[in-house]
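To start, the structure itself, in structure tokens.
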Amino acid sequence: MPITGEDFEKLVAPFFKKLFQDMGFLVIQVRKQTAGTQNGFDISVLFLDENELEREFFIECKYYASAKLEWSEIFSKQVQLDSSNYDATAFIALSPLKNLSNIDHNIQAKQTKAFKFPVDFWTPDKDVEKMFALDKKLYQKIYDEPCLLVLDEEKELQRLKVLVNLLISKKDLLRHANLIKIPDATSPINGDEEMVTSLDIKLNAICKSDDQYRIIYHKARADYKVYLESLVDVHSELRTNILNWEENMRLKASRLTHNFKMDDSYTPQKFFSDFFNEAEKEILTFYGENELKGDKEKLLCGIVFELAAQCPLDWRKNGTD
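Quick note on numbering: our numbering labels position 70 of the sequence shown as 1087, and the sequence is numbered without any gaps.
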């Protein structure tokens, strides 16, 4: 016998409490919003993450059996949540039967950054059926048929936990969307030996073999590379902006390196210093245009030494030590 939308909300509230507990989180509270309240969600899950920080996910439930589920309807819920007094860690649109229609990905991406909380759609095309298959009785009520899925429950819980932790990571980055914070890399970059050698050879022109700055320069590049990699899934827009700026600097490095090698009076040390000064002017413009803050010097050094490792930037005369 089919259930109603209100039935669906009542059924999934205890399901999410158990689900988060089974994923290893300490659940503080699962709350169903009072009928008629317009805060952009039906259920909230308050829990402690793996670092024992309090997080709250807000879930909008849509149990549509026949009607289309328009993205605009879900988007209005996001706006309501953003306008409320809640500090949302993430917003999830939960729809077991219907995928979203007519998604405007450009508006969604832009507004997610403005909302300061990530948004995810747990719909049929995102394998939401597998999640409900963790509870066979609930599955039968939702889909009005027995669950025939053969499921590795531990693997499914791990998949869902990855999604939850990814949303938490996105929230932390959105909280500081315009802040660049480059941590110290804790391990070497795999398959990077050729680049390290290339940079080391060029450093011979400006540093002695025992110069402590050689280690500092290599570390600046490694920190930058690891930071860029960390942005892949959680802040692709910032990563793209940085890579675009790096490409612009690559063109400038090629041009200025060519000019340097045509001037016999221009020493490697002076070109090294002048290029840093030029790059510093460019990074100030880059930060201003993108309203960024934080770790200018680390980003500057990382990109300069990455350009040197990749070869467009070369302060050696005629490519020799």
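A virtual CB, placed ideally from N, CA and C, is assigned to each residue, including glycine.
Contact annotation: M1040 and L1177 have beta-carbon atoms nearer than 8 Å.
Excluding residues up to 5 positions away in sequence, N1195, L1196, I1197, Y1304 lie with their Cβ nearer than 8 Å to the Cβ of K1310 in the same chain. Taking a cut-off of 8 Å for Cβ pairs, the segment 1235–1250 and the segment 1209–1218 touch, as three or more such pairs fall below it. Ranked by Cα distance from F1134, the options L1191, S1226, V1167, K1154 are led by L1191.
Of Y1230, K1219, S1101, D1280, the smallest CA-CA separation from L1324 is found for K1219. Taking C-beta atoms as the reference points, L1273 and I1259 fail to come closer than 8 Å. Across the set M1279, F1289, I1076, the C-alpha of F1289 shows the shortest separation from the C-alpha of A1222. Under the DSSP assignment, E1323 falls in the alpha helix (DSSP H) whose first and last residues are 1313–1327.
Per DSSP, the unbroken alpha helix (DSSP H) holding W1088 starts and ends at 1088–1100.
DSSP, read as helix, strand or coil, puts D1059 in coil.
About 5 Å separates the beta carbons of F1074 and A1107, which is inside the 8 Å limit, making them a contact pair. By the criterion of at least three beta-carbon pairs nearer than 8 Å, the segment 1074–1086 is in contact with the segment 1100–1119. Within the same chain, and ignoring the five residues on either side of A1105 in sequence, the residues whose Cβ sits closer than 7 Å to its Cβ are E1073, F1075, L1098, F1134.
Listed in chain order, the non-local C-beta contacts of F1149 below 7 Å within the same chain comprise P1113, L1155, Y1156, I1159, local neighbours out to five positions each way being set aside. Your pair A1082 and P1019 checks out as a contact, with CB atoms roughly 7 Å apart and the cut at 8 Å. Non-local beta-carbon contacts of C1224 in its own chain, meaning distances under 7 Å to residues more than five positions away in sequence, involve Y1230, R1231 in chain order.
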